Amino acid sequence: MEKLSREKLMTLERYAVEREAYRTKVIAHKKARRVAVGAHATLLFEDDVTMQYQVQEMLRVERIFEPAAIEEEIATYNPLIPDGRNWKATFLIEYEDVDERAAALARMPGVEDRVWLEIGAAPRTFAFANDDLERSDRGRTAAVHFLRFELDDAQVAALEAGEAVTVGIDHDELRGQVTLAPETVASLANDLDTFVTAGSAT
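Everything in the sequence shown is counted per the numbering used here, starting at 13 for the first residue and increasing by one.
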């Protein structure tokens, strides 16, 4: 999957004109890539489409137009785009009540290291969390983490064979699992170099 570049981005003027239509397209794209794992955890699988939207919105809000500043934003978000043999996701821990969320986060340090992936009968693997920085501190975790699921040959072969894909969390304070819907698996398959990307939102 190609990373973002300044040439691939819309100018502020063009984005202002196309924003509503573009936003509608991205929301539809995200729908298949958003996975609830229980009542309080969500995985949003990122790709070049979701990251371009993030950058375009950041440039719009901050009125960034200087090349060096644009490149800085691209460098921030490019690491969240899959590299062809992995899936990357934003892991959100969600509670409507602020105090309840704070108490829950204090009870689950290290939960970001207990998010797993399973494809068919291939061995279960755990995601790598927060390549960018440490997000657990003083016995509590953060509400947002960035995960990287590396796929080995057995997992890719199981995916190609149409086996079910399951993700889950193995932590006493936030335990759950879900089998991904076919449309989610189809979208994620486009993140891998071994799959044809025709029909993706790009």
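Cβ atoms here follow ideal geometry from the backbone N, Cα and C, with glycine treated the same way.
None of these values were measured; they are calculated from a predicted model.
| Item | Value |
| --- | --- |
| Figure out for me which residue from T196, T206, N202 has the closest Cα to the Cα of K43. | T196 |
| Helix, strand or coil: which one does DSSP assign to A53? | strand |
| Here's the rule: buried if 16 or more other CB atoms are within 10 angstroms of the residue's CB, otherwise exposed. What is T36? | exposed |
| Taking Cβ to Cβ, would you say M63 is nearer than 7 Å to I82? | no |
| Are the stretch 15-23 and the stretch 100-108 touching, with three or more C-beta to C-beta distances below 8 Å? | no |
| Taking the beta carbon of T153 as the centre, do at least 16 other beta carbons fall within 10 Å, making it buried, or is it exposed? | buried |
| Would R136 and E185 qualify as a contact pair, given that the criterion is a beta-carbon distance under 7 Å? | no |
| Could you check the C-alpha separation between A53 and G188 for me, to the nearest Å? | 9 Å |
| With respect to the beta strand (DSSP E) encompassing H157, which residues constitute its N-terminal and C-terminal limits? | 156-162 |
| Flag this pair as yes or no: are the beta carbons of P121 and G96 separated by less than 7 Å? | no |
| Tell me which residues share the same chain as A176 and place their Cβ nearer than 6 Å to its Cβ, disregarding the 5 neighbours each side in the sequence. | T191 |
| In three-state terms, what does DSSP make of K43? | helix |
| Tell me the residue span of the alpha helix (DSSP H) that contains A166. | 165-172 |
| Any idea if S17 is buried or exposed, counting beta-carbon neighbours within 10 angstroms, 16 or more meaning buried? | exposed |
| Going by C-alpha to C-alpha distance, which of F77, A115, Q68, A166 sits closest to E30? | Q68 |
| Can you list, in chain order, the residues of its chain whose CB lies under 6 Å from that of E162, leaving out five sequence neighbours each side? | N98 |
| DSSP state of E85, grouped into three classes? | helix |
| Grab me the residues of I86's own chain with a C-beta within less than 6 Å of its C-beta, minus the 5 sequence neighbours each way, in chain order. | L16 |
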